[in-house]
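Residues in the sequence shown are numbered from 0 upward in steps of one, following numbering that gives the first Met the number 0. We treat Cβ as the ideally placed atom computed from N, Cα and C, and that holds for glycine. It should be emphasised that the depicted structure is a prediction, and the values quoted were computed from it without experimental measurement. To keep things clear, I will list the structure first and then write my remarks on it.
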Amino acid sequence: MTGLPVEMAALLGDWRFYAAALITALAGLMRGYSGFGTAVLLAPAYSVLWGPRIGIPVMLLMELAVSLQLLPKAFGDANRRVILPIGAAACLATPVGAFILLTADQDLLRRFIGGFVLVFGLLLMSGWRYNGSRPLPLNVAVGTLAGLLKGATGMSGPPVILYLLAGPEAAKQHRANLILFFATIAVISVIPPAIGGLMGWMVVAKALVLLPVLLCCVPIGARLFHVIPDRWYRRAALTFLVITGSITLLI
0 MTGLPVEMAA LLGDWRFYAA ALITALAGLM RGYSGFGTAV LLAPAYSVLW
50 GPRIGIPVML LMELAVSLQL LPKAFGDANR RVILPIGAAA CLATPVGAFI
100 LLTADQDLLR RFIGGFVLVF GLLLMSGWRY NGSRPLPLNV AVGTLAGLLK
150 GATGMSGPPV ILYLLAGPEA AKQHRANLIL FFATIAVISV IPPAIGGLMG
200 WMVVAKALVL LPVLLCCVPI GARLFHVIPD RWYRRAALTF LVITGSITLL
250 I
């Protein structure tokens, strides 16, 4: 017995799998509720458990699956005039960021991911928002930054989330905008790691075993969107983001 079966059997006997499963469940609830949260929780957590060159490709495969799961219902509600230019720029910049993932020091990259998540969580907690207009050149600039981050760290969300949440749209359209953006970039983001040789059996096994946890929790989170007040969810989710970023930075 070789390849995928061996990797899956070994994973089930590793305590890190159960830690990853718990964090994956929380990420699924957050993603279903808000439209984001998969990468900003899983990228730092998986990087601590397995290192960035394993953890980030695992997260990218799972992000692709959950984005496709949420996309059909959100597509009609999204502001495609804003989102598609951001997504296109992000897709073009992602391979450049992936070069950093393939070549950077892994410990340094993990700490950068942790620090980035920590700062992002604190910014959201502070209530700061970009309050300017959203012209096409700025959309492209934000998308380019998001693509570089996606390729290097697996996290394209922070600049896009801060940028889009400044808009006048209702919560339902904010959520749809984020889902459409993440679906757009998710397809492209798995290609550079695959070409770079990072999508081996070890990565595929982890993604296959953890993916059912994520896919089961996303619809639960989507239902909670209609039940739990946003301020309760927001406080808990942002606190968890800050804790995750701090642990990743310090370990």
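Item checked: Rounded straight-line distance, which links the Cα of residue 235 to that of residue 143 -> Taking the straight line joining both Cα atoms gives about 30 Å.
Notebook entry, point to check: Given that a residue counts as buried once 16 or more other Cβ atoms are within 10 Å of its Cβ, and exposed if not, what is residue 135?
Noted result: Its Cβ having fewer than 16 others within 10 Å, residue 135 is exposed.
Check: Are the CB atoms of residue 99 and residue 54 nearer to each other than 9 Å?
Finding: Contact flag unset, no.
Next item on the list: State the Cα-Cα distance for the pair residue 0 and residue 121, rounded to the nearest angstrom.
Entry: Caution applies to residue 0, whose pLDDT of 45 falls short of 50 and renders its modelled position unreliable; the model cannot decide the point.
Checklist line | Residues near residue 22 in its chain [Cβ-Cβ closer than 7 Å; skip 5 each side] | finding: These residues qualify, in order along the chain: 40, 41, 44.
Margin query: Just to confirm the assignment, what range does the alpha helix (DSSP H) spanning residue 251 have?
Written below: Because the chain spans 0 through 250 in this model, residue 251 falls outside it and cannot be assessed.
Check: In its own chain, which residues sit with a C-beta less than 7 Å from the C-beta of residue 247, not counting the 5 before and 5 after it?
Finding: Contacts found: 43, 46, 47, 109, 112, 113, 116.
Note to self: Between residue 132 and the ligand FMN, is there a pair consisting of the residue's CB and a ligand heavy atom that are separated by less than 8 Å?
What the structure shows: This structure lacks the ligand FMN, and indeed carries no ligand of any kind.
Check: Can you name the start and end residues of the alpha helix (DSSP H) that residue 62 belongs to?
Finding: 51 to 74 is the span of the alpha helix (DSSP H), which, as asked, contains residue 62.
Notebook entry, point to check: Taking the alpha helix (DSSP H) that residue 154 falls in, what are its first and last residues?
Noted result: Premise fails: residue 154 is in no alpha helix (DSSP H) and is neither H nor E.
Checklist line | Spatial neighbours of residue 139 in its chain, beta-carbon cut-off 7 Å, leaving aside the 5 residues before and after | finding: The beta carbon of residue 139 sits closer than 7 Å to those of 84, 88, all from its chain and outside the five residues before and after it, given in chain order.
Next item on the list: Tell me whether the beta-carbon of residue 175 lies closer than 9 Å to the beta-carbon of residue 34.
Entry: The Cβ atoms of residue 175 and residue 34 sit closer than 9 Å to each other.
Notebook entry, point to check: Whose C-alpha, out of 222, 78, 192, 137, is nearest the C-alpha of residue 60?
Noted result: Among 222, 78, 192, 137, the Cα nearest to that of residue 60 belongs to 192.
Next item on the list: Return the residue from the list 241, 86, 72, 147 that minimises the CA-CA distance to residue 183.
Entry: Closest by alpha carbon: 86.
Margin query: What would DSSP say about residue 245, mapped onto helix, strand or coil?
Written below: Residue 245 carries a helical assignment under DSSP once its states are collapsed to helix, strand and coil.
Notebook entry, point to check: Are the beta-carbon atoms belonging to residue 141 and residue 118 less than 9 Å from one another?
Noted result: A distance of 9 Å or more separates the beta carbons of residue 141 and residue 118.
Margin query: Taking the alpha helix (DSSP H) that residue 106 belongs to, which residues open and close that run?
Written below: Taken as a continuous stretch (DSSP letters only), the alpha helix (DSSP H) holding residue 106 covers 105 to 125.
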